[in-house]
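J.:
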Amino acid sequence: MPHEHYISARIATKVIHAGQRPDPVTGAVMPPISVSSTYAQESPGVHKGFEYSRSHNPTRFALERMVAHLENTGISEEYDPSCGGFAFSSGLASISTCLELMDAGSHMVAMDDLYGGTNRLFSRVRARSQGLKITYADLTDEAKLRAAMTPQTKMVWVETPTNPNLKLADLKMIARIAKGISKECILVCDNTFASPIFQRPLEQGFDLVMHSSTKYLNGHSDVVGGLLATNDPQICAQLRFLQNAIGSVMGPFDAYLTLRGIKTLDIRMQRHAQSAMKIAKWLEAHAAVERVVYPGLPSHPQRALATRQMDGFGGMITIYLKGSLDEARRMLENVHIFALAESLGGVESLIEHPAIMTHASLSPDTRRLLGISDTMIRLSIGIEDADDLIADLEQGLAAAQKKNLTAEAQRTQRV
Ligand SMILES: *Cc1c(COP(=O)(O)O)cnc(C)c1O
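Counting with the numbering used here, you get residues 1 to 415 for the letters of the sequence shown.
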């Protein structure tokens with residue numbers, strides 16, 4: 001069945017079928033893992049469209065077409081073999097390739113509250129090696145966006161919801177203002193936190209969507225990967241050239257695992273969001289918790305925007321505990337279902353301390369500015385039973401409040 005058949009399907013159908021078709025030789029329903037690095041030619045230059053695996057790999061193409069359809073690129077397979085979708089060896093490899101769309105010395109505007117590794121790549125690598133001039137701004141604020149833009153700005157980089165503050169940027173507003181000031185600028189949204197189930201930035205006027213597929217898209221914490229999708233034929237052609245020229249492509253086994261993971265993306269996202277809502281409400285009522293940040297809570301300052309822009313509120317929750325680093329440390333040492341680990345978006349629940357873990361690469365000043373304090377804890381709600389997760393947090397918070405016991409003493413007590 002041609003993949004075009006799925007263009008008009010609903011997203012829960014697309015996650016199962018888009019971009020894939022039974023193998024023409026055997027009829028195999030699942031795309032084979034094509035590991036060959038090269039393809040035999042009948043005569044020099046006469047081949048079946050596949051020459052060398054960095055440039056053309058059928059398993060990777062299937063995943064790339066999948067993300068293209070989930071993000072609604074509208075680009076045909078006749079125009080581009082993967083319909084404007086591209087897969088890379090990591091999220092950061094995909095971001096690096098995006099930055100190559102700009103010439104040396106270009107100006108870009110980026111959200112101030114970014115994934116730590118993105119900020120590190122921009123500020124500590126590309127500012128030096130590519131001479132990029134980067135203005136960081138709180139892009140939730142229209143006036144700050146206007147002030148940051150110039151008619152020469154080449155790219156705007158947005159993350160929404162942000163990490164770890166779960167701030168939302170209004171994508172339609174940004175598209176309108178940014179294109180009004182610089183017609184040529186490429187608007188990129190890192191859509192890792194929402195996934196295409198809950199947010200499709202191309203439909204809001206953006207040009208390019210990026211995913212760390214390490215997170216929700218693969219969803220099983222067993223692949224590191226990155227994806228891009230564009231609806232702009234010119235950017236698509238440039239990326240097709242750059243992906244091959246730079247070479248940080250996703251391998252076929254990782255592409256296969258990610259396609260397999262995406263089949264459950266819709267049901268996973270629904271469960272992540274349902275449990276996160278329940279847990280966020282419970283945390284908000286807990287005496288040991290100072291503040292809960294979750295876009296679905298009435299207390300979230302941008303809940304109206306979240307409702308308008310997203311089809312669900314996601315699975316990430318950020319909390320501030322009462323007390324100090326000691327309380328945070330005791331809580332993190334005393335949860336058992338939640339794994340104390342970086343990353344997010346897997347079927348298993350994870351908990352982490354942004355200041356010491358994921359956002360350690362930011363300067364202390366930047367962390368202070370963004371409110372990444374010693375009592376901030378980030379939770380990635382998995383798809384376990386929500387009541388078990390609540391019970392786990394309950395005893396973790398109880399341990400956090402036992403001020404006089406060292407973590408070691410508590411460990412001994414428990415045993
Ligand atoms: C993890 C992450 C990245 C980086 O992706 P990798 O796959 O780790 O290279 C970028 N953006 C966000 C929002 C992330 O969570």
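Just so it is clear, CB atoms sit at the ideal spot from N, CA and C, and this is done for glycine as well.
All of these numbers come straight from a predicted model, not from anything done at the bench.
(1) Three or more C-beta pairs closer than 8 Å, one from the segment 139-151 and one from the segment 310-325: is that the case here?
(2) Which whole-angstrom value is the C-beta distance of Val249 and Arg60, which I expect to be below 8 Å?
(3) Can you look up Ile390 in the DSSP assignment and give me helix, strand or coil?
(4) How big is the Cα-Cα spacing for Tyr115 and Pro31?
(5) For Met376, which residues of its own chain have a beta-carbon under 6 Å away from its beta-carbon, when the five flanking residues on both sides are left out?
(6) Just the Cα atoms here: how many angstroms apart are Arg54 and Tyr136?
(7) Can you have a look at Asp112 and say buried or exposed, based on whether 16 or more other CB atoms are within 10 angstroms of its CB?
(8) Return the chain-ordered list of same chain residues with a C-beta closer than 7 Å to the C-beta of Asp392, the five sequence neighbours on each side being excluded.
(9) Please confirm whether any heavy atom of ligand 1 lies closer than 7 Å to the CB of Tyr115.
(10) Please state the DSSP three-state secondary structure of Met173.
(11) Does the beta-carbon of Tyr6 have 16 or more other beta-carbons within 10 angstroms, so that it is buried, or is it exposed?
(12) DSSP three-state call for Gly226: helix, strand or coil?
(13) Specify the secondary structure class of Lys183 as computed by DSSP and reduced to three states.
(14) Classify Phe313 as helix, strand or coil using the three-state DSSP reduction.
(15) Opposite Glu352 in the DSSP bridges: which residues?
(16) Under 8 Å: do the segment 81-94 and the segment 221-236 share three or more Cβ pairs, one atom per stretch?
(17) Where do the ends of the beta strand (DSSP E) carrying Val67 lie?
(18) Please work out which residues of its chain come closer than 7 Å, Cβ to Cβ, to Lys14, disregarding the five sequence neighbours upstream and downstream, and give them in chain order.
(19) Applying the criterion that 16 or more other CB atoms from any shown protein chain within 10 Å of the CB defines a buried residue, is Ala276 buried or exposed?
(20) Please check the pair Ala306 and Gly296, which I expect to be a contact at CB under 8 Å, by giving their CB distance rounded to whole angstroms.
(21) Give me the Cα-Cα distance between Ile197 and Leu325, rounded to the nearest whole angstrom.
(22) Give me the Cα-Cα distance between Gly345 and Thr214, rounded to the nearest whole angstrom.
(23) Ignoring anything shorter than 3 residues or poking outside the segment 188-249, list the beta strand (DSSP E) runs there in chain order.
(24) Does the separation of the CB atoms of Met155 and Cys185 fall below 8 Å?
(25) Would the beta-carbon of Lys218 be found less than 7 Å away from any heavy atom of ligand 1?
(26) Who does Trp157 pair with in a DSSP beta bridge?
(27) Can you have a look at Ser363 and say buried or exposed, based on whether 16 or more other CB atoms are within 10 angstroms of its CB?
(28) How would you write the range of the beta strand (DSSP E) that Phe86 sits in, first residue to last?
(29) Tell me Tyr52's beta-bridge partners as DSSP assigns them.
(30) Give a single yes or no on whether Asn163 has its beta carbon closer than 7 Å to a heavy atom of ligand 1.
(31) Look up Leu362 in the DSSP assignment and say whether it is helix, strand or coil.
(32) Determine, using beta carbons only, whether Leu242 and Glu100 come nearer to each other than 8 Å.
(33) Under 6 Å Cβ to Cβ from Ile246, same chain only, skipping five residues before and after it: list those, please.
(34) On the DSSP letters alone, give me the boundaries of the beta strand (DSSP E) that Arg260 sits inside.
(35) Can you determine whether any heavy atom of ligand 1 sits closer than 7 Å to the C-beta of Glu71, and answer yes or no?
(36) Touch check for the segment 124-133 and the segment 175-183: three-plus C-beta pairs under 8 Å?
T.: So, to answer that:
(1) In short, these stretches do not touch, since the Cβ pair count stays below three.
(2) Correct: roughly 7 Å between the Cβ atoms.
(3) Ile390 falls in the helix class under three-state DSSP.
(4) About 33 Å.
(5) So the qualifying residues of the chain are Tyr320 and Pro354.
(6) The alpha-carbon atoms of Arg54 and Tyr136 are separated by roughly 34 Å.
(7) Here Asp112 is buried. Its C-beta has 16 or more other C-beta atoms within 10 Å.
(8) If we look at Asp392 and ignore the five residues flanking it on each side, its Cβ neighbours are Val335, His336, Ile337 and Phe338.
(9) Remark: the shortest separation between the CB of Tyr115 and any heavy atom of ligand 1 falls under 7 Å.
(10) Met173 falls in the helix class under three-state DSSP.
(11) Burial call: buried.
(12) Residue state, collapsed to three classes: strand.
(13) Three-state DSSP puts Lys183 in coil, outside helix and strand.
(14) Coil, per DSSP.
(15) BP columns for Glu352 point to Arg378.
(16) The segment 81-94 is in contact with the segment 221-236.
(17) First-last for Val67: Pro58 to Leu70, but that is the alpha helix (DSSP H), not the beta strand (DSSP E).
(18) So the qualifying residues of the chain are Tyr6, His69 and Leu70.
(19) It is buried - the Cβ of Ala276 has at least 16 other Cβ atoms within 10 Å.
(20) 7 Å between Cβ atoms; contact.
(21) The alpha-carbon separation between Ile197 and Leu325 amounts to approximately 36 Å.
(22) Using only the alpha carbons, I get a separation of about 8 Å.
(23) Counting only runs of 3 or more, we get 208-212 and 226-230.
(24) Cβ distance < 8 Å, so Met155 and Cys185 count as in contact.
(25) The sequence shown places Asn at residue 218, rather than the Lys named in the question. Flag unset: Cβ of Asn218 not near ligand 1.
(26) Beta-bridge partners assigned by DSSP to Trp157: Ala110 and Val188.
(27) By the neighbour-count criterion, in which 16 or more other beta carbons inside 10 Å mark a residue as buried, Ser363 falls on the exposed side.
(28) Phe86: member of the beta strand (DSSP E) spanning Gly85 to Phe88, first to last residue.
(29) Partner(s): Thr38.
(30) Yes, ligand 1 has a heavy atom inside 7 Å of this Cβ.
(31) In the structure shown, Leu362 falls within a coil segment according to DSSP collapsed to helix, strand and coil.
(32) One thing to note: Leu242 has its Cβ within 8 Å of the Cβ of Glu100.
(33) Correct list, in chain order: Thr97.
(34) Arg260: not part of any beta strand (DSSP E); member of the alpha helix (DSSP H) spanning Pro252 to Ile262, first to last residue.
(35) Checking every heavy atom of ligand 1 against the Cβ of Glu71, none is found closer than 7 Å.
(36) No: fewer than three Cβ pairs fall under 8 Å.
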